[in-house]
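For the sequence shown, my numbering gives the first residue as 2, with consecutive numbering after it. The structure under discussion appears below in the form of structure tokens.
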Amino acid sequence: MVTVEAAERQNSSTALRRDVKFLGQLLGKVLVHQGGEELLSKVEKIREVAKSLRENKDEVIYKEIKNEIVTLEQPMREQVIRAFAVYFHLVNIAEQNHRIRRRREYQQQEDSIMQPGSLESAVVSLKNNGVAPDVIANLLQTLSLELIITAHPTEATRRSVLDIHKRMAELLKNLDNPTITKRERTEIEERLFSEVLILWQTNELRDRKPTVMDEVSNGLYYFDETLFEVLPQLHQELENSLQENYPEENWKVPNILRFGSWIGGDRDGNPNVTPKVTWQTLVKQRKLAIRKYKESLTQLRQRLSQSTKRVAVSDNLLDSINQEISLLPEEKRWRIKHEVYRCKLTIMLHKLNLVGESEAGYQRSEELLHDLFLIKDSLQKHQPQDYQLKSLCKLIRQVELFGFHLATLDIRNHSGEHEAAIKEIFHAVSLAEDYSALTEEKKVELLGKVLQDPRPVISFVENYSKETQQVIEVFNMIHRAHKEFGERSIEVYLISMTQSASDLLEVMILAKEAGIYRLHADGRIESKLNIAPLLETIDDLTAGPKIMEQLFQLDFYREHLRKQQDLQEIMLGYSDGSKDGGTLTANWKLYKAQQEIHDMARKYQVRLKFFHGRGGSLGRGGGPLNRSILSQPVETLGDGVKITEQGEVLSSRYALYDIAYRSLEQAVSALLTAAANVSQEAEQCDIRTHEWEETMDEISTASLRKYQELVFKDPDFLTYFKQATPLPELGALNIGSRPMSRKGSDRFEDLRAIPWVFAWTQSRQLLPAWYAAGTGLQHLVEKSGDIQLLQQMYKEWPFFRSTVDNLQMALTKADLMAAKEYMEMVQDPVISERIFTAIKKEYNLTKEMILQITGQKELMDHLPTIKESIKLRNPYVDPLTFLQVKVISKLREDEAGTLNEELLKEALLTINGIAAGLRNTG
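As structure tokens, this is what we get:
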């Protein structure tokens, strides 16, 4: 077998272009049907002029398209906006279908060609590099990848629209079937037209903000549609590949890939996430898991019709039936007693129905697993030795992965909330007059004394403020959840804005008061919650190693960690660090923090799991899942990796089975090969040299200085940002339950990173994803007089290569020709010209440096398919850009202060359209 670049590209884009053209023609028919020939002619005219402008950049053509836009009035203007927005929905569907098509083509030729990034290619790579099976077996015992879905930034597209997308994707895939008849093809094409028509007639904007429970339902949709099936299949495929390549071993792959969630548990800055909402979330998750198991058991009962008159079954199975048959009334039992599997499965279905309602039901998922293994063991008595009932094996894997909780729910809150509660609690029992006024040393000393005293410090909860009562109730709810849903239901408590060791100890106090952390009179400790700091700002990342070492030196904290198998979870925030210091500096500080904390933790024999809070967009640490894994310090991968999957990427990655499978197999393959240190080419090993690290320090320092000169020291920058982007309008888009800023403030410090990135993306400047990188790189070259060192780092260091490649992706998606239009929205033209000129100068410098480092002629030459996709999309995004600037400018002209709802709706439609065109929100 071979994996070569030629094989990767063997399937031309002819089929993709055919699909896009076909869907575009269907949209044209819909436009005529809904708006007449006039609408289609207007859209086609604007499209042609926009395309010509991209090809020629001629002033006459520029004036022509501006005139076309300026003269548009309602209702035609809204129809034109919607036409371009819907077109991008169709293009996205076609591109997803093409990814599925290419995967299937690889599978059809798997005897000669392996798809890069597949599980099979990873295992073959291990074998070719001489990795012994026992090394792989040991590696699999510690290897883990946890993906945590979040609600924010929420997918801008409504669920109703996503459902249409899914139906269209299935129909488009059916058109590739070579066996369909002419009549079947015509029927599929007619159904596709119907779906495009429904898409056009569906309101794409939400009428209200989603509630937290709406967001929970949105997240569970992906478990229901794909993840429940994809995860067991991935594990089975890895097991099959290992068995094929290492046949001398009997492989049983442990559960190395899991999904968790923040939705319903993330309280940071979202007052809508109450303890009651979190409980409702856990109930909803359990209901989905139980429903899935009931469906599988019902299918098994239909299949397993074996009779004891024909086969011999195990005594253990018969004993279990005899012991539990009385749980069912006579009329609900399986009528044919010698069909023992059906008898057993009927009992199991009855017990599933009673989960959470009666002691007669399953109390823990392990009890269901036990029954499934009873059936499996019994089947082996009368089946061929190497035969496994795949549906039963899959169900066993599903119960192991999802339990009754479905997905582990992380709880997160701001450190300030905990400190305020502790201050009030300690004051009430005279432990401290003003806890917040204590030095950090005194805080740690006092918290340590309380944690080492079994006596409680909370007595009458009703005497505390409403805010403190709710903080206390969160921990009481976690304690109840462990009893009701199992300890896997909530395993981690995350502390936003962790700045000191006391931030973690305060949470331990609250856990102690709820019975989650307990010190017994004989000195024994119980601790059932992993307490994890979230290091977000540049300063916090720098202080991270010191904070953690202070904790590791405390004997009682080490005892707590022993109850967590000596595993400390640490979350790294990519968003706020990037907002504070620019993407290049933030990424380097994150990398260094991991190295330094890892090296320090080894001295204390503490294992670390780093939780990467990456966004979907490049300005918040986004990018392909597999590349983000490979860019981490290789020594940090062995004890597990945890990564957020943001709401905005869920539909593009997990709405369709084949896409979900491909995305996840690439991630698992990357983790497996990186952890085994056998990746090929640039990822062969993480050969960091001291010189490289010093180089990155130099680059980072210069980049940080340049970034902060603009963002923090230029007095007009915030004015430019607010006026030259659609930031003020984003809040009306109703795409999330959480407020846009902390504390409802207008201060830059309180603005969340998500709208910060979303606004820059809409204005096509994408500043958070690249700004100041060029200055940092140029500073190094000017100091050393040689670019060869950076070229070597790009070739041999996965971290630097990933950083540079993300920069060139951001520069390619940014478009300063389009971005220049937003200068019109800035009230002071002097400010507008000065700041835009500075941005443009840095853009050109960054582009020049990237091309020198990579040796490419143009940006993204290394990924021609993505480069071509962006290039083809730009002419269709441009009209939306012109329209957005016009509409928002008119919206803001209203001095009377009354909101023009029609103009706002048009503005929001352009925001949705550009988000679909660029495939990014925040």
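For glycine and all other residues, C-beta sits at the position ideal for the given N, C-alpha and C. Only a predicted model underlies this, so the values are computations on that prediction, with no experimental measurement involved.
Residue j beta carbon less than 8 Å from that of residue i
{"i": "Gly297", "j": "Leu396", "result": "Inspection of the sequence shows that residue 297 is occupied by Ser rather than by Gly. Yes, the Cβ-Cβ distance between Ser297 and Leu396 is below 8 Å."}
{"i": "Met824", "j": "Ile889", "result": "no"}
{"i": "Lys848", "j": "Leu864", "result": "no"}
{"i": "Leu638", "j": "Ala594", "result": "no"}
{"i": "Thr227", "j": "Tyr844", "result": "no"}
{"i": "Asn317", "j": "Leu375", "result": "yes"}
{"i": "Leu448", "j": "Leu283", "result": "no"}
{"i": "Glu527", "j": "Lys580", "result": "no"}
{"i": "His561", "j": "Tyr605", "result": "no"}
{"i": "Leu91", "j": "Leu24", "result": "yes"}
{"i": "Val805", "j": "Ile851", "result": "yes"}
{"i": "Arg753", "j": "Arg100", "result": "no"}
{"i": "Gln97", "j": "Ile660", "result": "yes"}
{"i": "Val472", "j": "Glu514", "result": "no"}
{"i": "Ser119", "j": "Ser653", "result": "no"}
Status (buried if at least 16 other CB within 10 Å, exposed otherwise) for residue i
{"i": "Asn627", "result": "buried"}
{"i": "Gly923", "result": "Only weak support exists for where Gly923 lies, its pLDDT of 40 falling under 50; the coordinates are left without a value."}
{"i": "Val445", "result": "buried"}
{"i": "Ser431", "result": "exposed"}
{"i": "Lys809", "result": "First, the amino acid is wrong: residue 809 is Gln here, not Lys. It counts as buried."}
{"i": "His371", "result": "exposed"}
{"i": "Gln324", "result": "exposed"}
{"i": "Ala908", "result": "buried"}
{"i": "Lys388", "result": "Per the sequence shown, the amino acid found at residue 388 is Tyr instead of Lys. Tyr388 should be labelled exposed."}
{"i": "Gln766", "result": "buried"}
{"i": "Ile867", "result": "exposed"}
{"i": "Phe461", "result": "exposed"}
{"i": "Asp879", "result": "buried"}
{"i": "Glu682", "result": "Residue placement at Glu682 cannot be trusted, given a pLDDT of 40 that sits under 50; what the coordinates show is reported in the next sentence. Per the 10 Å Cβ criterion, exposed."}
{"i": "Ala361", "result": "exposed"}
{"i": "Lys842", "result": "exposed"}
{"i": "Lys338", "result": "exposed"}
{"i": "Arg874", "result": "buried"}
Closest Cα partner of residue i within the set the options
{"i": "Gly918", "options": "Ala770, Arg83, Val197", "result": "Arg83"}
{"i": "Gly582", "options": "Phe713, Glu649, His34, Arg519", "result": "Phe713"}
{"i": "Gly856", "options": "Tyr844, Arg104, Lys796, Pro248", "result": "Lys796"}
{"i": "Ser785", "options": "Glu692, Asn241, Ala774", "result": "Glu692"}
{"i": "Gly614", "options": "Trp263, Ala522, Pro876, Ile199", "result": "Trp263"}
{"i": "Ala733", "options": "Ser315, Val33, Leu206", "result": "Leu206"}
{"i": "Arg141", "options": "Arg765, Val124, Asn129, Asp177", "result": "According to the sequence provided, residue 141 is Leu. The question's Arg does not apply to it. Checking every option, the nearest Cα to that of Leu141 belongs to Val124."}
{"i": "Val341", "options": "Met349, Gln307, Ala533", "result": "Gln307"}
{"i": "Glu699", "options": "Thr776, Glu730, Ile539", "result": "Thr776"}
{"i": "Ser599", "options": "Trp589, Phe611, Glu240, Asn139", "result": "Note that residue 599 corresponds to His in the displayed sequence, not to Ser. Minimum Cα distance to His599 is reached at Phe611."}
{"i": "Asp215", "options": "Leu198, Ala152, Ile181", "result": "Ala152"}
{"i": "Gln234", "options": "Arg78, Pro385, Ser392, Glu147", "result": "Ser392"}
{"i": "Glu646", "options": "Ile150, Tyr877, Ile94, Asp225", "result": "Ile150"}
{"i": "Lys210", "options": "Ala138, Glu230, Arg159", "result": "Arg159"}
{"i": "Ile840", "options": "Trp771, Arg48, Leu892, Ser803", "result": "Trp771"}
{"i": "Lys277", "options": "Gly220, Val213, Phe427", "result": "Val213"}
{"i": "Asn204", "options": "Ile915, Leu910, Arg920, Ala916", "result": "Leu910"}
Span of the alpha helix (DSSP H) around residue i
{"i": "His587", "result": "A small fix is needed here, since residue 587 is Ala in this sequence, not His. Start and end: 584–604."}
{"i": "Gln518", "result": "Sequence check: residue 518 is Tyr here, not Gln. Tyr518 -> not in any alpha helix (DSSP H); beta strand (DSSP E) instead, spanning 518–520."}
{"i": "His428", "result": "416–429"}
{"i": "Pro634", "result": "Note, Pro634: premise wrong, no alpha helix (DSSP H); not H, not E."}
{"i": "Ser297", "result": "276–304"}
{"i": "Arg608", "result": "From DSSP, Arg608 is part of no alpha helix (DSSP H) but of the beta strand (DSSP E) over 608–614."}
{"i": "Leu781", "result": "774–785"}
Bounding residues of the beta strand (DSSP E) (the contiguous stretch that carries residue i)
{"i": "Ile571", "result": "568–574"}
{"i": "Thr645", "result": "642–646"}
{"i": "Asn845", "result": "First-last for Asn845: 830–855, but that is the alpha helix (DSSP H), not the beta strand (DSSP E)."}
{"i": "Leu258", "result": "258–262"}
{"i": "Gln494", "result": "Correcting the residue identity first, residue 494 is Tyr in this sequence and not Gln. Taken as a continuous stretch (DSSP letters only), the beta strand (DSSP E) holding Tyr494 covers 493–497."}
is_contact[residue i, chain C] using C-beta, thresh 8 Å
{"i": "Val508", "result": "Looking at the structure shown, chain C is missing, and only one protein chain is on hand."}
heavy atom of the ligand NAD below 7 Å from residue i C-beta
{"i": "Trp201", "result": "Of the ligands one can find in the structure shown there are none, so the ligand NAD has no counterpart to examine."}
If you scan the stretch 339–397 from start to end, which runs of the alpha helix (DSSP H) of 4 or more residues do you find wholly inside it? 341–354, 366–380
If we require 3 or more residues per run, which beta strand (DSSP E) segments fall completely within the stretch 97–175? 146–150
Which runs of the alpha helix (DSSP H) at least 4 residues long sit entirely within the stretch 307–343? Give them in chain order. 316–325
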